[in-house]
Each structure stands twice: as C-alpha cells, then as structure tokens.
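Q: Residue numbers (full-length UniProt numbering): 1 to 150. This is the structure, below, for whatever I ask next.
Pasting the structure below:
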C-alpha cells in the first residue's frame, strides 16, 4: 500500500464561522466548506453545491480561527480521514472529513473576512516563522510531513 495516494484540493467558501477547540494544548478548528459547480445539461445551465467537513490542527488552526469567517473563500489541500464510531443504538457509523494540511485565503480584504496578501514560506536556519497576517500556510514549513521517510 506504499503507493496509495490520499490527496484532496478544493476551493470553496466557509458555510459558517470556524469552530475552535484546544485539545491537550493543541489548537483544532472545524469548519464546513461549500464547493460549487456550474455545468450545462440538455442545453440548460445548472448549478450544484457540495459540502465538506474540514479540520485543521496546530498553528494553522489559530490562523484560520483569527482570519476566517462565514463566506470567506479559501483554497485547501489535505487528505481524507474516515472517522468511525458506534451509535447509542449499537449501529456502526462513519463520516469522511478533510484534514487540511495547506491552505490559501482567497478574495480581498473586504470579503466577509479580512486577510492580507502575505505568504509564509519554509523557515530558514531551523526556526519556524509565521506571518502576522497570513494568506497562505504550508504544513511542510511547520514540520508537518513527519511521516514521509525521506
């Protein structure tokens, strides 16, 4: 299974304000992303929307919590994760979420949330640096790819 790929890239808008939690001192933000698609069927223009539950951990969660609100456009990259549990009735249940590893805030400062055109990049000399008003976050700059063997 070493060659399996689990990668998701989406652009969409927050359907609600992000929900912030701290678990054992680590920040966690959950949000729902709406992704729209326009297409033509039988000569008629149609639109469809899809909604995706997303989670972000660590420093990026703090950034999203600070700069994002309902309606803000964002580009995300991450992986799918399946949560499974047993309901009180004894039935098995599951849901699929996107674990966001990289993101870029889109739109202008005057969108439904404020953000600025600042990018973060991998830090030099071993330290991590985060912009005060981030527009882009890359987990690799934060050491987020610990499971890659090279």
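Backbone N, C-alpha and C define an ideal beta-carbon position, used for all residues, glycine too. Note that this is a predicted model, so its numbers are computed, not measured.
By the DSSP assignment, the beta strand (DSSP E) with residue 75 in it spans what residues?
A: First-last of the beta strand (DSSP E) with residue 75: 73-86.
Q: Let me check one thing: in DSSP terms, what residues is residue 49 bridge-paired to?
A: According to DSSP, which records beta bridges pairwise, residue 49 is partnered with 36.
Q: Just to check my reading of the structure: residue 68 and residue 76 have Cβ atoms closer than 8 Å, yes? What is that Cβ distance to the nearest angstrom?
A: That pair is no contact at about 11 Å.
Q: Can you tell me whether residue 105 is buried or exposed, with buried defined as 16 or more other CB within 10 angstroms of its CB?
A: Per the 10 Å Cβ criterion, buried.
Q: Check each candidate in 30, 27, 46, 29 and name the one with the smallest Cα separation from residue 36.
A: The option with the nearest alpha carbon to residue 36 is 46.
Q: Could you name the residues of the same chain whose beta carbon sits closer than 6 Å to that of residue 54, not counting the 5 residues immediately before and after it, in chain order?
A: Same-chain partners within the cutoff: 31, 33, 98, 100.
Q: Under the three-state reduction of DSSP, which class applies to residue 59: helix, strand or coil?
A: Helix at residue 59.
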